[in-house]
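Let me begin by presenting the structure, written as C-alpha cells, before commenting on it.
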C-alpha cells in the first residue's frame, strides 16, 4: 500500500498566484476505508546559526524559530473507501488567497548553509486508530510571480576590476610580490538568474606562472539574532576559467551558469538577508601552492590573489 | 615420273584478279554518309581504330567526360568531411602516433586506475556536487601502465557509460563522461595524447548522441508515448515543447557546474547540437567555446580541444556554418605557438627535442582546422581569410603584427584555392620570409609556394618578381639539398615563362654546390625531377646542349636518378627521326654506355632492365651516318663491343648492318668489299643472339642480302648455319607453343623459296640442302605430322620449281646464275631432283597414313594431292599415290566438304589431260 504525489509540472516550479495542481496516486492491493485525505502546503524559512560570525552564545540557540510563509490544509476527500488497485485523486490548491494581495513574502526557494527557504506539499490519509496513516511529501519550487518581476531584463551592469600585487591585502610570496602581475577585466554585478554571469578577464602580466584562475560564486547569508546580525559567507560553486599559464594579453571569457536551488534573487527580508558575490582567484604556480591544492577560497593565502565583487541576482521575466 | 612443266608468267596472268584503280584511299577518313554507321559501331563495342581520324574526336570527348566524372568524385569526397572525413582522420591520428608503448599517468587519471571506485560512486546521490570528484593530488603519484591497459580501460568506461544510460542512470553516465573528459587534461602522456583524444572524443560523441536522442524523443513524444510532433530536419527552437527544453537546459546546468575548464568545454561540445532545442542560432555558443578554450594554457591540450570544436561545429546545420570561429582558433594557436617558440629558443637541446615532438603532435589539429576553414568558406569569403592571415595588408601594417607561424602558413598554403595563391604570390612570399621559426622548415614553404603557383596561370609580372625573390633567397642556402628543394618547385614556372637567365642562375647554383659537396641520395631525386622537367620542356637535344652546365651536372649524377634522366634523353632523342649529328650520336652513345653500365645483367628479363635495353637498341637503330657507310659500320662494331649485355641490340645490329649492305649496293660503284664486311659482321654477330628462331630469321635475312650482293659462297655458309641452327632447335626451349612451330614452318618455307635463287653446288650435289632438310624433318621431335606434311609438300614444290626450264624468279643475273642456266638440260640434275622427289613422295604418303585423327588425315591428304597434282604429271608412277590419298580423304571427310570437292575437280582436270 503506497501513496504518491505527482505534481502537474515536471520541473515543479510554481508561482504564488498559480494553483498547485497534481494527483494523489494511491496504490493498494485491497480496498480500505479512510477517515479523510488531507493535503497540507507548507512554506517556511529555516534559519540556523552555526560557526561563521556567530558567537558562542548565539550558536547555543542553534536553530531559530522558522518563519512561516504559508501553511494551508485542505481536505481533498472526506471519509470513504478507496478501491483496490491504483486510484488517482486530482487536486488543486490555491497557494495565495486571492484577497491577500501582496505576495512578496512568498520568497523563492533557496537552499543555503544557514538559511533554507522550502516549500513542501504533504498528503495524509488517516485510517483510524488501528492503522498508521499514509503520507507522502514533495518539495515544490517557488518562483516570483511574473507580475512582480522587473519589467525589463536587467541591463548587465559591469564593473571593471584589476588585480595586481598592490591590491592584495594579505601578504604575498616574495617572488609574486616582487615579480608583479596584473590581471584586469570586467564582470557583471547584476545578473538575471536565467542568464549566465558574464564578463571577461585578461592576464596582462605575471612574472610567476599562473596555475589556475577560478571564479567562486559565494552566498552571503545574514541572520538577525537578537541585536546582532550574524553573517556567513559560503561557497556555492567554483568555475575554472584558466588552466595553466595562459597567454598574456588574451581575453578570456567569464561565463558561469547560475545553479538552481542554490541561488535565489538577492533578498533583504527583516530577520534575514541573502546576498551573493563572486570572487576572482588567481593561483600562482609555486612550490607552496602545490602542497595545498584545495584550500578554502575564502581564506587569503600567500600564493593567491583575489578580488571579490558583490553580485545582485534578479528574477527577470 | 616426270615434273609438270610450268609457264609461270602466263599462269600469273590467268590467275591474278582483275585490277582497277580505286577512287579513294582506303586509309583516308570515311565519307560523312559512312560516319553514322561508325558512330553506332563505336557505341556498341570498345573497338578503337587508330586509323580512323574522325573517331578519334569521339574518343577524346569521352575521355573528357571521364575526367569530369573523376574530378566530381573528388569533390564529393571533400564534401563528406564531417562524417566520413572524421572517421578516417581519427584512424590517421591513431596510426601516426602509435610509438610509445608505456604511458605514465598522473594521479589525476585515477579513473583509469581505480576501476572499483567508479561503481561505488555510481550509487550515490545525485547531488550536483557529486559530479565534482575530489582530486587527490599526491607528490610522487606518477604510475606507469601499458598503453594497452589504458586503451582497454577506456573501452570499459565507454561500455559502463552506455550501460548506465540504458539503465536510466544518466547521472552516472554523465559523471563517468566527465571523468573521461578529465583524462584529456593530462598531457604528460605526449605521444599517446592523440590516441587518448580519439578514444575520449568517441565517448563524448556517444554521450552527445544519446542526449540528443533523448531530448528529441521528449520533444516528439509525450510521457505516455503519444506523438506530440515530428521534428523536421531543420526544426526551430519554437517547435520544442517546454518539457524537452527543460530537460535540455538541465543538461547544460549540469555541465556548467563542472569545475575544471577543459572537461566543461568538452562536455558542452559533446552536446553542442542540443543547443538547437533552446536557441535558433547556436553559432554564438561556438564562438564562446572558442574563447573559453583560450583559458587552456597547455598547447597540446588546447590544440586538440580546438580540433574537437571544429569537429563538433560541423554537426550543426550547414546554414550556421561560419568560419569566423575557426579563424579565431587558428589565430589562438598561432599566438600560443609564438609564445611557445620564443620561450624555448633559449633553453637547452632536450627542450628543443620535446618541442619538436610537440609540434608534430599539434600538426594534425592545424591541418584539420585549416581544411575546415577552406572547405567551409566559399570563393567570396576566401579573401577575408587572407586578411585574417595578414595577407593583403601593406608591409607597414605587417611590421607590428606577429609573424605567421610557418607550420600554420604551410597548411594554409596547401589548402588555399590556387587562383588566390597566384594572385597573392608576392604577399605569401613575404609571409614565408617572415616566418623563420623551427616549427616547419622554411625552405619547404618556399617549395610549396612554387608548386601552388604553377597550378594555375597567373600574371607574368607577379610571377617574375616572386621567382626573382625566391632565387635570391635560395642562393643564400649553402647546402645543395635546400637549394634544390626550393628551385625544383619553380622550374615549371621558369620554363613556362621562358625566364632563361633565371634558369642559368639555377644551373650555376647547382654546379657550385654540387662541386663543393657532391650529390647525396635525396638531392639526386630533386635533380632528377628538375632534369626531367627540362627535358620535357625543351624536347630537343640541341636546346638542351645550349643549356649551361647541363652535361656537367649530368656527369656528376649517379645511380638510378642518372639512369632515369639518361632514359628520358634517349627516349626524347629517338622520337625525332633519324639521328645524323655525330656530336649528338657521340653524346647519346655515352649516355647509353652509362645506362648500360648500371644495368643488372644477371637479370635482364625484369622490367627495370627491359626499358633501358629497348631504348639503347632504338637509339642504335635510329643512328644514320648518311653516306659515311664505313663510319656507320664502325659505329655498329663499337656498339657491339660496348653493349654486350643487351640481346635485343644484337638483332638491331644485324638488321642495321644488312641495311647498310643493301644501301651500299644501291649506291652502286665499288662496294663489294664493304658489303662483304657487312655480311661478315652479321655472320659473326648472329650466333650471339640467344634465340634459335631469331637466329634463323637473321640468317635468312643475311642470305638474302648476300644473294643480292652476289656473294654465293657467303650465302652457302649462311644456309649451312641456318640448317645447323634448325638442328639445334631441339635443345632450345623456344618451342613451347604451337605458334612457335608455325613460325619455324614459315621460316623453313621461306628458306625453300630462297633456295630457288641459290645456285646448286656441284661438289656437294644440287640437292645437298634439301637432303639436309629432309633428314631434319624426320629426326626432329618438334616436327608434328601436320608440319611434316607441309614441309614435305614444300620440298616437292621446290623440286618441281627447280626442274623448270625457266625459274619463277631470279637473283641479280649479273652476279648470280640461276640453276635453270647453270644446269640447263643436264639430265643428272633432273635425275637427282626426281629421285629426291620419289623418296619424298613415299615419305609423304606414309606420314599421312600414320596420322590417327580422321579429319586431320583427310585434310593432309587433300593438301598433298593438290601439291602432287600441280607438281607432277599424273603418270602411272604418280597416280597410285594420288588415288590412295584421294581414297583416304574421301573416307575421312564428309562428301560435302568443299575442300574435298574442289580437290577432286582439280585432280580430275589433270588426270583427264
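Residue numbers (this note's numbering), protein chains in the order written: chain A, 5 to 321; chain B, 401 to 1313. From the three backbone atoms N, C-alpha and C, an ideal C-beta is built for every residue, glycine too. As the structure is a computational prediction, the values presented were derived from the model and not from experiment.
How about residue i and residue j: do their beta carbons lie closer than 9 Å?
| i | j | result |
| --- | --- | --- |
| residue 815(B) | residue 850(B) | no |
| residue 46(A) | residue 124(A) | yes |
| residue 1282(B) | residue 1293(B) | no |
| residue 290(A) | residue 217(A) | no |
| residue 319(A) | residue 109(A) | no |
| residue 648(B) | residue 677(B) | yes |
| residue 1189(B) | residue 1147(B) | no |
| residue 1098(B) | residue 1115(B) | no |
| residue 1166(B) | residue 1202(B) | yes |
| residue 225(A) | residue 277(A) | yes |
| residue 962(B) | residue 994(B) | yes |
| residue 965(B) | residue 931(B) | yes |
| residue 1200(B) | residue 1270(B) | yes |
| residue 75(A) | residue 50(A) | no |
| residue 918(B) | residue 874(B) | no |
| residue 736(B) | residue 702(B) | yes |
Would you kindly report the start and end of the unbroken beta strand (DSSP E) that includes residue i?
| i | result |
| --- | --- |
| residue 195(A) | 185–196 |
| residue 276(A) | 276–288 |
| residue 46(A) | 36–51 |
| residue 1025(B) | Unbroken run through residue 1025(B): none, as it is neither H nor E. |
| residue 638(B) | Taken as a continuous stretch (DSSP letters only), residue 638(B) belongs to no beta strand (DSSP E), as it is neither H nor E. |
| residue 236(A) | 232–247 |
| residue 921(B) | No beta strand (DSSP E) holds residue 921(B); the alpha helix (DSSP H) holding it covers 921–938. |
| residue 218(A) | 214–229 |
| residue 6(A) | 6–11 |
| residue 313(A) | 308–318 |
For the alpha helix (DSSP H) that residue i lies in, which residues bound it at each end?
| i | result |
| --- | --- |
| residue 1017(B) | 1007–1022 |
| residue 1102(B) | 1092–1108 |
| residue 386(A) | This structure cannot settle anything about residue 386(A), because the visible part of chain A is limited to 5 through 321. |
| residue 702(B) | 699–713 |
| residue 902(B) | 900–917 |
| residue 1172(B) | 1168–1179 |
| residue 1294(B) | Taken as a continuous stretch (DSSP letters only), residue 1294(B) belongs to no alpha helix (DSSP H), as it is neither H nor E. |
According to DSSP, residue i sits in a beta bridge with which residue or residues?
| i | result |
| --- | --- |
| residue 259(A) | 202(A) |
| residue 140(A) | 127(A) |
| residue 96(A) | 25(A) |
| residue 171(A) | Note: residue 171(A) sits in no beta bridge, so no partner. |
| residue 403(B) | 1272(B) |
| residue 146(A) | 18(A) |
| residue 166(A) | 188(A) |
| residue 621(B) | 627(B) |
| residue 81(A) | 41(A) |
| residue 209(A) | 186(A) |
Contact set between the segment 6–36 of chain A and chain B, restricted to residues whose Cβ is under 7 Å from the partner = Answer in chain order: 14 and 15.
Interface positions of the segment 228–252 of chain A facing chain B (Cβ-Cβ less than 7 Å), listed along the chain | Taking 7 Å as the upper bound on Cβ-Cβ separation, chain B lies near residues 241, 242, 243, 244, 245, 246, 247, 248, 249, 250 and 251 of the segment 228–252 of chain A.
Which residues, in order along the segment 176–193 of chain A, keep a beta-carbon less than 8 Å from a beta-carbon of chain B?
-> Those residues of the segment 176–193 of chain A that come within reach of chain B (Cβ to Cβ, closer than 8 Å) do not exist; the list is empty.
Interfacial residues, the segment 673–704 of chain B to chain A, with Cβ spacing under 7 Å = Cβ contacts with chain A: 688, 691, 692, 694, 695, 696, 697 and 698.
Take every Cβ of the segment 1104–1119 of chain B, pair it with every Cβ of the segment 1060–1077 of chain B, and state whether three or more of those distances are shorter than 8 Å.
-> Verdict: yes, contact present.
Determine which residues of the segment 64–95 of chain A have a Cβ less than 7 Å from any Cβ of chain B, and write them out in chain order.
-> Taking 7 Å as the Cβ-Cβ cut-off, the segment 64–95 of chain A has no residue approaching chain B.
Three or more C-beta pairs below 8 Å linking the segment 683–700 of chain B and the segment 651–658 of chain B | In short, these stretches do not touch, since the Cβ pair count stays below three.
Between the segment 205–213 of chain A and the segment 412–420 of chain B, are three or more C-beta pairs nearer than 8 Å?
-> No: fewer than three Cβ pairs fall under 8 Å.
Touch check for the segment 576–584 of chain B and the segment 603–616 of chain B: three-plus C-beta pairs under 8 Å?
-> Judged by Cβ distances under 8 Å, the segment 576–584 of chain B makes contact with the segment 603–616 of chain B, as three or more pairs qualify.
Quick one: which residues of the segment 644–659 of chain B get their C-beta closer than 7 Å to a C-beta of chain A? List them in chain order.
-> So the close ones are 646, 652, 653, 656, 657 and 659.
Chain A contacts made by the segment 614–644 of chain B, where a contact means CB separation under 7 Å = Look at the segment 614–644 of chain B: the residues with a C-beta under 7 Å from a C-beta of chain A are 643.
Contact between the segment 125–137 of chain A and the segment 36–45 of chain A: three or more CB pairs below 8 Å?
-> The segment 125–137 of chain A, when compared against the segment 36–45 of chain A, does touch it at the 8 Å Cβ threshold.
Segment contact, 8 Å Cβ cut-off, at least three pairs: the segment 885–902 of chain B with the segment 835–850 of chain B | Yes, the segment 885–902 of chain B is in contact with the segment 835–850 of chain B.
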